[in-house]
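Okay, so here's the structure we're looking at.
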Amino acid sequence: MSEQHASMRLIDAYARGDTGIPTDETWALEAHLEACGACRERLSAAVAAQGPAVTDLLDTVWSALEPQLAATEPAPRRRHRPVWLRAWLTPVMVPWLAMVASVTLLALLLDLGGPRFGEVSPVLLLSPVLPVLGVAASWSRGLDPAYELTASAPRAGLRLVLRRTASVLAVTVPVLLAAGWATGVMVAQWLLPCLAFTSATLALGGLIGVTRAAIALVAVWAAVIAAPALAAGRTGSALEADGLPVWALILALGTGVVIARRSAYTVLGDQR
Amino acid sequence: MTRAVSAADLAPTTYAWQVRTTGLKVRVGRGRMAVDGLDLTLGTGVHGLLGPNGAGKTTLIRALATVLRPAAGSLELLGETVGGVADHRALRRRIGYLPQEFGYYKRFRVREFVEYMAWLKEVPKAKIPEAVQRAVERVGLADRADERMKALSGGMIRRAGIAQAIVNDPDVLLLDEPTVGLDPAQRLRLRELLQELGLDSCVVVSTHLVEDVAAACTDVVLFAEGRLVFQGTPEQLAAAGGPEHVGDSPLERGYSALLAGPGRNGGAW
């Protein structure tokens, strides 16, 4: 902001429409007026005092416009989904997140309803894969119709992937927290596998595409953890306290791979 | 004080061509090269990308949109070499892209969708409403801007797609089959818009309709089997054909003359 202001003499001449002002001075004055509120104020005062013709012209224009302006209806209030939400979620993810929440609720009901699964807690068993489904929906060529457009945008890349992952976790974790509290499962027992699977999906997704990574991980989870646990009727050691360091290790490894390969997320376009 | 013109707008241009490829190869699927050794330079103007089905037009446009990375050769966009591990963030801000299969969120309103695309393209937050309104007006959708995308007809969807492509005032605008689904009047309007945009940016329009090229393009790029067959003005394309070649107009005759050249064995079609 310049400290110098236009002289009152110049502003008065300008308000009168004085043709005697050199062109360069007019330019300088107009450029200054665009940026300087104080001088604009002085100019409007000068117009009222010095330029009755200008004031008359303005009044005429206003009196002609006002009936028309009064006749036009104000634009209808648009109901919009909040703008900030679009930065975190795509519409595609909403049904998936609803599904995650309802599956958790179902698992909770099963858990509280009866001892049909022996000692296995369905909530605990499901917790690792629930965010994986949401993450897959958030960054999938097959599920997201605007994927091609997103992949060509400057904002595509790790940050956008992380934003969407964060919103998946923001829905999944509170739901699991409530379910875990209701069933009395230790927080770390489900939170660590949940985060580990999420980071592994992203890490693997950078290599083979997020959808494929999610399918592969869900298959691994079903074969290695869920099936034996259900067959044996008790939670395997993987989900007991002994398994926690392993899950922490997977989480750290996954995060490391994601950071190391962060540029891979800008070229997801060639992965189906 | 807010600047009306940013430093980036005043910076001198350091490239001769908006698009320059040398020996460009782009792989599609496992092994096939859909673009196979392409040498091409495109400057300011409207460039019509013509070619038979499967010529590699869409693959080339996707490579120009930095969605696909070159397998070999070099691709320079606005002076920046595309490929490797760079994320091309700054470059992508200056590209507009309408894919052939234009996917959108059905529940979004037109304005909302274009706003969302402007956000994805990192248009400064304060400029988004204005840029969106201008883009929507330019494609003639201002009166339908508050309708949901799923309520629009095919031609309007296509125009919404064009609006999102031009919302960031791109220096390189890539339109893959923009005239599909447009009725004749809309097609005329689109041609006018293309000519207007082509005055100060590089517009690449892929099409299989020869008459689109005649009406709107300053330059024709004829493309077959991943290679450049011809580049020149529509008049030069028309001059290549003679009365013995197949076609209803001089341009079509030129098109079939060049594609039927030596070493080219087309299928039954």
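Going down the list, the protein sequences come from chains Y and R. So in the working numbering the end of the first sequence lands on 272, straight run, no missing numbers. So in the working numbering the end of the second sequence lands on 541, straight run, no missing numbers. In this text, a Cβ means the ideal position worked out from N, Cα and C, and glycines have one as well.
Excluding its 5 nearest sequence neighbours in each direction, L195 (chain Y) has C-beta neighbours in its own chain below 7 Å: L251, listed in chain order. Contact between H360 (chain R) and V475 (chain R) fails: their C-beta atoms lie close to 20 Å from each other, not under 8 Å. For T266 (chain Y), the closest Cβ of chain R is nearer than 7 Å.
Relative to L143 (chain Y), the option among R:G426, R:G375 and R:I434 whose CA is nearest is R:G375. When DSSP reads this structure, A496 (chain R) sits in a beta bridge with R:R499. For the stretch 147 to 160 of chain Y, the beta-carbon criterion of a distance under 7 Å to any beta-carbon of chain R is satisfied by Y147, E148, L149, T150, A151, S152, A153, P154, R155 and G157. The Cβ of P95 (chain Y) sits no closer than 7 Å to any Cβ of chain R. With contacts defined as CB atoms closer than 7 Å, G317 (chain R) and T490 (chain R) qualify as a contacting pair. Classified as buried, N440 (chain R) has 16 or more neighbouring CB atoms from the shown chains inside 10 Å of its CB. Residue R:V307 holds the alpha-carbon nearest to the alpha-carbon of K329 (chain R) among R:V307, R:A362, R:E409 and R:S346.
By the Cβ-count criterion, W84 (chain Y) is exposed, with fewer than 16 other Cβ atoms from all chains shown falling within 10 Å of its own Cβ.
Runs of the alpha helix (DSSP H) lying entirely within the stretch 82 to 143 of chain Y, each at least 4 residues long, are 83 to 86, 93 to 113, 122 to 126 and 130 to 138 in chain order. DSSP places A344 (chain R) within a strand segment (E or B) once states are collapsed to three. The three-state secondary structure of S263 (chain Y), taken from DSSP, is helix.
Interface annotation, G375 (chain R): in contact with chain Y, CB-CB separation under 7 Å. Going by DSSP, T479 (chain R) is part of the beta strand (DSSP E) stretching over C474 to T479.
Sixteen is the threshold: since fewer than 16 other Cβ atoms of the shown chains lie within 10 Å of the Cβ of V518 (chain R), the residue is exposed. A straight line joining the alpha-carbon of V258 (chain Y) with that of L413 (chain R) spans about 41 Å. Nearest CB-CB separation between E394 (chain R) and chain Y: below the 7 Å threshold.
Minimum Cα-Cα distance from V47 (chain Y) among the listed residues Y:A151, Y:A38, Y:V132 and Y:A15 corresponds to Y:A15. In summary, no residue of the stretch 40 to 73 of chain Y has a CB separated from any CB of chain R by less than 9 Å. Closest in alpha carbon position to L249 (chain Y), among Y:P193, Y:V120, Y:A151 and Y:A179, is Y:P193. In this model, A487 (chain R) and L460 (chain R) are separated by some 9 Å (Cα to Cα). Taken in chain order, the whole alpha helix (DSSP H) runs of length 4 or more contained in the stretch 395 to 469 of chain R are 400 to 410, 426 to 438 and 456 to 469.
Within the stretch 312 to 345 of chain R, those residues whose Cβ lies closer than 8 Å to any Cβ of chain Y are, in chain order, R334, A337, T338, V339, L340 and R341.
In this chain, H319 (chain R) is not harboured by any alpha helix (DSSP H); it is covered by the beta strand (DSSP E) spanning G317 to L322. Bounds of any beta strand (DSSP E) do not take in A214 (chain Y); it lies within the alpha helix (DSSP H) bounded by V210 to W221.
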